[in-house]
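Novice: In numbering that gives the first Met the number 0, the protein residues as written are 0 to 483.
Pasting in a structure now, in structure tokens, and then I'll have a few things to ask.
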Amino acid sequence: MSNSNNLTTSWGAPVGDNQNSMTAGHRGPTLIQDVHLLEKLAHFNRERVPERVVHAKGAGAHGYFEVTNDMSDYTKAKVFNGVGKRTPMFIRFSTVAGELGSADTVRDPRGFAVKFYTEEGNYDLVGNNTPIFFIRDAIKFPDFIHTQKRDPRTHLKNPTAVWDFWSLSPESLHQVTYLMGDRGIPATLRHMNGYGSHTFKWVNPEGEAVWVKYHFISEQGVKNMTADVADKLAGENPDYHTEDLFNAIEKGDFPAWKLFVQIMPLEDANTYRFDPFDVTKVWSHKDYPLVEVGRMVLNQNPENYFAEVEQATFSPGNFVPGIEASPDKMLQGRLFAYADAHRYRVGVNHNQLPINRPRVEVQNYQRDGQMRFDGNVGGSVYYEPNSFGGPKEGSQHKQTAFAVTGQADSVAYDSDDHYTQAGDLYRLMSEEERTRLVNTIVAAMKPVTINEIKLRQIQHFYKADPEYGTRIAEGLGLPVPQEV
Ligand code: HDE
0 MSNSNNLTTS WGAPVGDNQN SMTAGHRGPT LIQDVHLLEK LAHFNRERVP ERVVHAKGAG
60 AHGYFEVTND MSDYTKAKVF NGVGKRTPMF IRFSTVAGEL GSADTVRDPR GFAVKFYTEE
120 GNYDLVGNNT PIFFIRDAIK FPDFIHTQKR DPRTHLKNPT AVWDFWSLSP ESLHQVTYLM
180 GDRGIPATLR HMNGYGSHTF KWVNPEGEAV WVKYHFISEQ GVKNMTADVA DKLAGENPDY
240 HTEDLFNAIE KGDFPAWKLF VQIMPLEDAN TYRFDPFDVT KVWSHKDYPL VEVGRMVLNQ
300 NPENYFAEVE QATFSPGNFV PGIEASPDKM LQGRLFAYAD AHRYRVGVNH NQLPINRPRV
360 EVQNYQRDGQ MRFDGNVGGS VYYEPNSFGG PKEGSQHKQT AFAVTGQADS VAYDSDDHYT
420 QAGDLYRLMS EEERTRLVNT IVAAMKPVTI NEIKLRQIQH FYKADPEYGT RIAEGLGLPV
480 PQEV
């Protein structure tokens, strides 16, 4: 830190006048040689990096994860080994569809993106506050998000597009029911659970693997916000969730979550009644109960929002030894998409930024690229293999081999049962919850301009549960489907 209090340019030269542009004579034209003015205006034009194409509005916090139940029988990942083991982490919560300046209290899933700065590199678990998702193949994601964003002609949200897509993609029914239910608007970011959503593979030191699903259970409990309060807050304080999280941590009311996993033996995937890699489905807790892993505590606010939250980059592909991908087609697509998004949005060297930089030595032969500000590994050997003792791979860190069968082809999942779990969710609800669900869906579908879309969607609700479909049809003043 300089000992003077001189205002300087970005090249460090002291600034003479920050109030008046330099002009030719008292009232003359401004001089191009006022380079301080030029730089100030030019930098200002470039202050924004592209917002995230989804999950643009978010809030972040630092904290730690502590193991409360050793998982080394199932995974060699050091972050989950040894009771008491603490790993620093950073989380970013977010909404999905809205732009950077949109309201926090919209009905929308919430991003729940966790970066563990482990001693084996960063492990990113980039989930949502819902255990499932609307679709189950990455190839449909851009289309789905187009319907969640603004109509290309009116630049307005378009309910007809939203329900047209959902009614033609019945795999969305389970998540639609979840979204339109009470958990669609969390009371705060502290009062919601988080999920990895996908199935992942854990591998122990002996190379034995299991499938897992992650559950972050809020110690604050789950509390939701009614639509009328949410609508009011969206106008009065669109940053309500952001403010609540910041203030809670600022005053030492540190939010915490217990992390659990469901564990499925590898071979069960061949026979389980639902495809365990279909992210529109859950695994019954009766079949695979929650096993406690540890506790995540958020205890420090970012010092600078842009540096730590806007520039944070998470990728489901940031695995560490002992944690690997499953064949879930949504997860597979994400393994490409996130790092690609970061290279575009933040830059090819985004992992060198303080918020993203691993807490371990990064040793590889990647060089150069824009904003390579870490010294570019000096004059060290810059290729591999080499005879100069450069870093080498270790076969013990290879991803575990696994058998594959069948032909290369574009194929759908085997099962089209999109109704059992959506119906189970409906039947789990109390009468009050069902009434709120029905009212929310009816209000959301009313503006749809094409009756055929509404009738098609009502068929799906009806197949999930005849009462569900009947109540929506009656709410919309449309005929109840005949027995389907
Ligand atoms: Fe994302 N998602 N996503 N997503 N997602 C992004 O990455 C994508 C999906 C999630 O706080 C993007 O940096 C594809 C499921 C979170 O920075 C992008 C598919 C789940 C965040 C992207 C999905 C998520 C993102 C946007 C279908 C829950 C915010 C900019 C295969 C399990 C992370 C960016 C943060 C962000 C792609 C579906 C959660 C475009 C292709 C399912 C929490 O890369």
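Each residue gets a CB set at the ideal place from its N, CA and C atoms; glycine is no exception.
Please read all numbers here as calculations on a predicted model, not as lab measurements.
From this set, E242, K250, N348, A411, which residue's C-alpha is nearest N276's C-alpha?
Specialist: Here residue 276 is Phe; the residue named in the question, Asn, does not match the sequence. Considering only alpha carbons, the answer is A411.
Novice: Between the C-alpha atoms of W282 and L265, what's the straight-line distance to the nearest angstrom?
Specialist: Spanning the two alpha carbons is a distance of roughly 14 Å.
Novice: What's the C-alpha gap between N303 and W256?
Specialist: Each residue's Cα considered, the two are about 24 Å apart.
Novice: For P301 versus G59, is the C-beta distance shorter than 8 Å?
Specialist: Against a cut-off of 8 Å, the Cβ pair of G59 and P301 comes out as a contact.
Novice: In the structure shown, what three-state DSSP assignment does S394 receive?
Specialist: Three-state DSSP puts S394 in a helix.
Novice: Would you identify the three-state DSSP class for H197, choosing helix, strand or coil?
Specialist: DSSP places H197 in coil when its eight states are reduced to three.
Novice: Counting only the same chain and skipping the five closest in sequence on each side, list residues whose C-beta sits under 7 Å from that of A490.
Specialist: No answer is possible for residue 490: it lies beyond the span of the chain, which begins at 0 and ends at 483.
Novice: Are L352 and Q310 closer than 8 Å when you measure CB to CB?
Specialist: Yes.
Novice: A402 to W210, Cα distance in whole Å?
Specialist: Straight-line Cα distance between these residues: approximately 15 Å.
Novice: Quick one, which of F111, D238, H396, D72 has its alpha-carbon nearest E98's?
Specialist: Minimum Cα distance to E98 is reached at D238.
Novice: Looking only at its own chain, which residues have a Cβ that is under 8 Å from the Cβ of L6, when we skip the five neighbours before and after it?
Specialist: Closer than 8 Å at the Cβ level, and outside the excluded window around L6, lie P13, V14, N17.
Novice: Run through DSSP, which three-state label would E207 get?
Specialist: Residue state, collapsed to three classes: coil.
Novice: Assuming V359 and E118 are in contact, meaning their beta carbons sit under 8 Å apart, how far apart are those beta carbons, in whole angstroms?
Specialist: Indeed, because the Cβ distance is near 6 Å, the residues count as touching under 8 Å.
Novice: Put H25 into one of helix, strand or coil per three-state DSSP.
Specialist: H25 falls in the coil class under three-state DSSP.
Novice: Check the C-beta distance from I440 over to T159 and give it rounded, since I have them as a contact under 8 Å.
Specialist: Not a contact, Cβ separation roughly 15 Å.
Novice: Under a three-way DSSP split, which group does I134 fall into?
Specialist: I134 falls in the coil class under three-state DSSP.
Novice: Since I believe M428 is in contact with G180 (beta carbons under 8 Å), could you give me their beta-carbon distance rounded to a whole number of angstroms?
Specialist: With a Cβ gap of about 7 Å, G180 and M428 count as contacting.
Novice: Per DSSP, F64 forms a beta bridge with which residues?
Specialist: Note: F64 sits in a beta bridge opposite T86, M295.
Novice: P446: buried (16+ other C-beta within 10 angstroms of its C-beta) or exposed?
Specialist: Its Cβ having fewer than 16 others within 10 Å, P446 is exposed.
Novice: Are H197 and I131 closer than 8 Å when you measure CB to CB?
Specialist: Result no, Cβ atoms of H197 and I131 do not sit closer than 8 Å.
Novice: Tell me the start and end of each unbroken beta strand (DSSP E) in the stretch 239-298 that is at least 3 residues and wholly inside, in chain order.
Specialist: Counting only runs of 3 or more, we get 255-264.
Novice: Less than 7 Å between the CB of R47 and some heavy atom of ligand 1, yes or no?
Specialist: R47: no, Cβ never under 7 Å from ligand 1.
Novice: Going by DSSP, which residues form a beta bridge with Y425?
Specialist: DSSP output for Y425 lists no bridge partner at all.
Novice: How would you label V479, buried or exposed, when you count the other beta carbons within 10 angstroms and need 16 or more for buried?
Specialist: V479 should be labelled exposed.
Novice: If I follow the unbroken beta strand (DSSP E) through I322, where does it start and stop?
Specialist: Looking at the DSSP string, the run of the beta strand (DSSP E) that includes I322 is 322-324.
Novice: Are the CB atoms of D413 and D274 within a distance shorter than 8 Å?
Specialist: Yes, these two residues count as a Cβ contact at 8 Å.
Novice: For the alpha helix (DSSP H) containing T439, name the first residue and the last one.
Specialist: Looking at the DSSP string, the run of the alpha helix (DSSP H) that includes T439 is 430-444.
Novice: According to DSSP, simplified to helix, strand and coil, what is K156?
Specialist: Three-state DSSP puts K156 in a strand.
Novice: Buried or exposed for T404, going by 16 or more other Cβ atoms inside 10 Å?
Specialist: So T404 counts as exposed.
Novice: Is DSSP giving R366 helix, strand or coil here?
Specialist: Residue state, collapsed to three classes: coil.
Novice: Grouping DSSP H, G and I as helix and E and B as strand, with all else coil, what is G110?
Specialist: It is a strand residue.
Novice: Check each candidate in S93, K212, Q299 and name the one with the smallest Cα separation from G251.
Specialist: Here the closest residue by C-alpha is Q299.
Novice: Given this structure, state the Cα-to-Cα distance separating F164 from Q456, to the nearest angstrom.
Specialist: Going from the Cα of F164 to the Cα of Q456 covers about 10 Å.
Novice: Could you check whether the Cβ of N317 sits closer than 7 Å to any heavy atom belonging to ligand 1?
Specialist: No, Cβ of N317 sits at least 7 Å from all heavy atoms of ligand 1.
Novice: Measuring straight from C-alpha to C-alpha, what distance separates M444 and L477?
Specialist: The alpha-carbon atoms of M444 and L477 are separated by roughly 12 Å.
Novice: I need the boundaries of the beta strand (DSSP E) containing V125, first residue and last residue.
Specialist: Where V125 is concerned, the enclosing beta strand (DSSP E) stretches over 120-127.
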